[in-house]
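Trainee:
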Amino acid sequence: MYEGVVQDLIDELGRLPGIGPKSAQRIAFHLLAADPADVERLAEVLKVVKAKVRFCERCFNVAEGPECRICADPRRDARLLCVVEEPKDVMAMEKAREFKGRYHVLGGAIDPMEGIGPNDLHVMELLRRLTDENIDEVLIATNPNIRGEATAAYLIRQLRDVGVTVSRLASGLPVGGDLEYADEVTLGRAIEGRKVLQHV
Amino acid sequence: MATYRDVAIVLRTHKLGETDRIITMLARGRGKVRAVAKGVRRTKSRFGSRLEPGMLVDLQCYEGRSLDTVTQAELIAPYGDFIARDYAAYTASAAMLETADRLAEEGQAVIQQFNLLAGGLAALAGQAHSPGLILDSYLLRAVAIAGWAPSFESCAGCGAPGPHRAFNLASGGAVCSSCRTPGSGAPRPETFTLLSALLTADWPVADASAPEVRREATGLVAAYVQWHLERGVRSLRLVDRSETV
């Protein structure tokens, strides 16, 4: 145990996700040895981020105003809506630079064992958007794991009678990998979702 | 370091650090196993898809002090992958996996529980019957294997041959008029027939049951299981029966 505020800092850092006691100690001593201006800047950013950042009223992405920059951007295709689990998934999709539509963040995936059901996610808000906005296609981009697939299955059932095209992000082989090292489930999905290049 | 190999069903997973997961499994020879699977959250992981809830795998691990480490996992049956495509089956499987997690102990062979769970998941994946019926049958048989077998024909109190009209949780099922205590329910006779069919896996009888009978049986099964487990099974509240009952 260290004395006073040093131990307090280690304890606070240790509460962050993925930071164990050793990592917390290392970061604390790095901050103690760092330039005071750098530490001041970090403290200021932490205060500002908590005060300013909230969730977009329309899509539940992180935003600094009532709407996030994607919802507020008139150049985005308003007819195309991508449904993701978390705000960090919006960033992952944006990095691909392929998607030009808008997003809807569910706030997680359905996980009965953790007590998370459809009512704990922003599903009602999604259905309301489909009624209020002029959306032609919903792209479901939940994670390609069991929870994500089950959430997609639930959404597909809910959207059955809404009158929009529903698509699912393709699953398959990672670019840069070798076929012989692919696992059976991924390879099975790649075969299932294969693309026809030429019809006879 | 000691390594071991076993056949296991993945019960649940928890995130660990940046890319790892803690995998809780029901292994046939070792009971409940908790092991770290390294790097499984990366998209290029070869393990990731195999170590998802509901997957049946041939597992190799090395023993650790508190957690083991998965070194190899070969897929035997991707039940979880099929189940996740049907929302009702997914919620039923979650309740089955959570119950198995509650009933299993670390370091104790659980061959009967393992076989029952594997059979239940295979039935869900193969859409053999309604997911709600498969779940209720699994729950009754799992608690029966654990030592709390209910009785739906003869009296659970004195053994008098049935049929009886009353149901009492604490007594363990159907009770005769002499053993009936205040607080006992009086389900339909058809509900007793369905419960008995679910316990003995008499599927033609179970499949032919009416929706209102299934609903009543479901309530009794959930109450019976949670009474014996001494706390609620979280997933049961979220089981989707909208398209099956």
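Chains as they are written, first to last, in this note's numbering: chain C, 15 to 214; chain E, 1024 to 1268.
Just so it is clear, CB atoms sit at the ideal spot from N, CA and C, and this is done for glycine as well.
Three-state secondary structure (DSSP) at E/K1055?
Mentor: If DSSP states are grouped into helix, strand and coil, E/K1055 belongs with the strands.
Trainee: Below 8 Å between beta carbons: does that hold for E/E1126 and E/A1167?
Mentor: The residue asked about is misnamed: residue 1126 of chain E is Leu in this sequence, not Glu. Cβ atoms of E/L1126 and E/A1167: not closer than 8 Å.
Trainee: For E/L1192 versus E/A1107, is the C-beta spacing smaller than 8 Å?
Mentor: Result no, Cβ atoms of E/L1192 and E/A1107 do not sit closer than 8 Å.
Trainee: Along chain E, in chain order, which residues have C-beta atoms closer than 7 Å to that of C/N159?
Mentor: Per Cβ cutoff of 7 Å: E1075.
Trainee: From E/R1257 to C/E54, what distance separates their C-alpha atoms?
Mentor: Distance between the alpha carbons of E/R1257 and C/E54: 45 Å.
Trainee: For E/A1229, I'd like the list of residues in its chain whose CB is within less than 8 Å of its CB, leaving aside the five on either flank, ordered along the chain.
Mentor: Once the five neighbours on either side are set aside, the close Cβ partners of E/A1229 are H1152, L1156, S1160, L1217, A1220 and L1221.
Trainee: Is DSSP giving E/V1268 helix, strand or coil here?
Mentor: The predicted position of E/V1268 is uncertain, since its pLDDT is 43 and thus under 50; a value taken from the coordinates is nonetheless stated next. Reduced to three states, the DSSP call for E/V1268 is coil.
Trainee: Kindly indicate if chain C contains any beta-carbon less than 8 Å away from that of E/S1258.
Mentor: Yes, because at least one Cβ of chain C sits closer than 8 Å to the Cβ of E/S1258.
Trainee: With distance defined between alpha-carbon atoms, name the residue in E/A1058, E/G1040 and E/L1039 nearest to E/M1048.
Mentor: Cα-wise, what sits closest to E/M1048 is E/A1058.
Trainee: Could you tell me which uninterrupted beta strand (DSSP E) segments, each at least 3 residues in length, are contained entirely in the region 1136-1161 of chain E, listed from first to last along the chain?
Mentor: Runs of the beta strand (DSSP E) inside the region 1136-1161 of chain E: none found.
Trainee: Helix or strand or just coil, what does DSSP make of E/A1193?
Mentor: Looking at E/A1193 - three-state DSSP - the assignment turns out to be coil, as it is neither helix nor strand.
Trainee: Go to C/K102, then tell me how far its beta strand (DSSP E) extends in each direction, as first and last residue.
Mentor: Note, C/K102: premise wrong, no beta strand (DSSP E); alpha helix (DSSP H) at P101 to A110.
Trainee: Taking contact to mean 3 or more Cβ pairs, one atom from each stretch, closer than 8 Å, check whether the region 109-120 of chain C and the region 86-101 of chain C are in contact.
Mentor: Taking 8 Å as the limit for Cβ pairs, the verdict is that the region 86-101 of chain C does touch the region 109-120 of chain C.
Trainee: Can a CB atom of chain C be found closer than 8 Å to the CB of E/L1098?
Mentor: Cβ-Cβ to chain C under 8 Å: yes for E/L1098.
Trainee: On the three-pair Cβ rule with 8 Å, is the region 1075-1095 of chain E touching the region 99-113 of chain C?
Mentor: Segments in contact, no.
Trainee: Which residue from E/K1055, E/A1146 and E/V1236 puts its Cα closest to that of E/F1314?
Mentor: Any answer about residue 1314 of chain E is impossible in this case: the structure gives chain E only from 1024 up to 1268.
Trainee: Below 8 Å, how does it come out for the region 177-188 of chain C and the region 122-134 of chain C: are there three or more Cβ pairs, yes or no?
Mentor: The region 177-188 of chain C is not in contact with the region 122-134 of chain C.
Trainee: Helix, strand or coil: how does DSSP classify C/F113 here?
Mentor: Coil at C/F113, not helix or strand.
Trainee: Going by beta-carbon coordinates alone, are E/A1179 and E/S1194 separated by less than 8 Å?
Mentor: Yes, they are a contact pair.
Trainee: Quick check: is the beta carbon of C/T179 nearer than 8 Å to any beta carbon in chain E?
Mentor: No, because no Cβ of chain E sits closer than 8 Å to the Cβ of C/T179.
Trainee: Find the residues of chain C that neighbour E/A1117, judging by a C-beta separation of less than 8 Å, and give them in chain order.
Mentor: Residues of chain C passing the Cβ test: D125, P126 and M127.
Trainee: Name the residues in the region 140-171 of chain C whose C-beta lies less than 7 Å from a C-beta of chain E; which are they?
Mentor: Result list: N159, I160, E163, A164, A167, Y168 and R171.
Trainee: What residues of chain E sit near C/Y195, judged by a beta carbon separation below 7 Å?
Mentor: Under the 7 Å cutoff, chain E gives R1069.
Trainee: Do you know offhand how far E/E1097's Cα is from E/G1130's?
Mentor: Roughly 22 Å separates the two Cα atoms.
Trainee: Return the first residue and the last residue of the alpha helix (DSSP H) that E/S1116 is part of.
Mentor: That run of the alpha helix (DSSP H) goes Y1110 to L1126.
Trainee: Express the C-alpha separation of E/L1140 and C/V178 in angstroms, rounding to a whole number.
Mentor: In a straight line, the C-alpha of C/V178 is about 39 Å away from that of E/L1140.
Trainee: With a threshold of 8 Å between beta carbons, is C/V62 in contact with chain E?
Mentor: Chain E, which has no Cβ nearer than 8 Å to the Cβ of C/V62, makes this no.
Trainee: Give the straight-line distance between the Cα atoms of C/G186 and E/A1209, rounded to the nearest whole angstrom.
Mentor: Rounded to whole angstroms, C/G186 to E/A1209 spans 53 Å at the Cα level.
Trainee: Taking 8 Å as the threshold (beta carbon to beta carbon), is C/E112 in contact with chain E?
Mentor: False, the Cβ-Cβ gap to chain E never drops below 8 Å.
Trainee: Which residues bound the alpha helix (DSSP H) around C/I41?
Mentor: P35 to A47 is the span of the alpha helix (DSSP H), which, as asked, contains C/I41.
Trainee: Excluding five sequence neighbours on each side, which residues of the same chain lie with their C-beta closer than 7 Å to the C-beta of E/Y1110?
Mentor: Correct list, in chain order: D1263.
Trainee: Which word fits C/R142, buried or exposed, when buried means at least 16 other C-beta atoms lie within 10 angstroms of its C-beta?
Mentor: Exposed, because fewer than 16 other Cβ atoms sit within 10 Å of the Cβ of C/R142.
Trainee: Check whether the Cβ atoms of E/T1214 and E/A1240 sit closer than 8 Å, and answer yes or no.
Mentor: Closer than 8 Å, so yes.
Trainee: State the Cα-Cα distance for the pair C/G245 and E/S1174, rounded to the nearest angstrom.
Mentor: No answer is possible for residue 245 of chain C: the residues shown for chain C start at 15 and end at 214.
Trainee: Ends of the alpha helix (DSSP H) at E/T1066?
Mentor: It is not in any alpha helix (DSSP H) - E/T1066 carries neither H nor E in the DSSP assignment.
Trainee: Once the 5 residues before and after E/R1065 are set aside, which same chain residues still bring their CB inside 6 Å of it?
Mentor: For E/R1065, where only same-chain residues beyond five positions count, the Cβ hits under 6 Å are T1042.
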